[in-house]
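Terminal number for the sequence shown in our numbering: 273, no gaps in between.
We put the CB at the ideal spot given by N, CA and C, even for glycine.
It should be emphasised that the depicted structure is a prediction, and the values quoted were computed from it without experimental measurement.
Everything below concerns the one structure shown next.
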Amino acid sequence: MGEVIRDGERTGLRYVRLLRHSPEKVWRALTETDGLRHWFPTDIVGERVAGARLSLPFWPEGLELASTTEAIEEMGVDPDSHVSEGELRVWDPPRTFEFTWGMDGRTDLTDLLRFDLEPTDDGTRLTFTTWLGGPAGNTDTAVGWHVCLDQLAGLLDAPGSPTDDAAVVVQRVMAQADELRPAYAALISS
């Protein structure tokens, strides 16, 4: 389970995963298209330097299956492109990757995402922290990140190259999300 964190009016979530892989392998899965497709809702396109503008195009096959097109449009993302915008804040391979994920420039819907990697004796300690720009009690966001990080761990543990496309990943995410929703609803409301 993640941990709800608060800083004044801001609400965030922090998740820690112990991964049996080197920081370099985890870093590639966090930052490269070939890895992102199997665990993250979007690609991350843009120059990898602090201050660079990012485009975050949603995977089309995942959108179709998840029926999230309407929800994404409500967040202000262009319905014809399904591309969100962001800014790379920290790029320190293979230790820290931080960026904003904004919805059509609306600060009330812009999240800050930070991935910190620490080497351990057995692999890597990944700490993912997100400060939410949207509603503070967003159970689905908490569940979504939990499931995405589980998918990341599965991707790293799978032998060889992953074969699942975004649609298969979305199916798995939806099934696991239904199981986790009550626990996260209780956690966020406390």
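- Runs of the beta strand (DSSP E) lying entirely within the region 173-213 and spanning at least 3 residues, in chain order: 179-186 and 189-203.
- In its own chain, leaving out the 5 sequence neighbours on each side, no residue places its CB closer than 7 Å to the CB of D117.
- One alpha carbon belongs to G216, the other to W184, and they sit about 9 Å apart.
- DSSP lists G95 as the bridge partner or partners of I88.
- Note on geometry: alpha-carbon atoms of L195 and G206 lie some 26 Å from one another.
- Secondary-structure assignment with DSSP links G169 through a beta bridge to L137 and W184.
- In the three-state reduction of the DSSP assignment, V132 falls in the coil class, being assigned neither a helical nor a strand state.
- Rounded to whole angstroms, the gap between the alpha carbons of D261 and E86 is 19 Å.
- About 10 Å separates the Cβ atoms of V226 and L270, ruling out a contact at the 8 Å cut-off.
- Proximity to A268 across F180, D223 and L238 peaks at D223, based on C-alpha coordinates.
- Residue burial is scored here from C-beta neighbours: A112 has at least 16 other C-beta atoms within 10 angstroms and is therefore classed as buried.
- Assigned with DSSP and collapsed to three states, R100 falls in strand.
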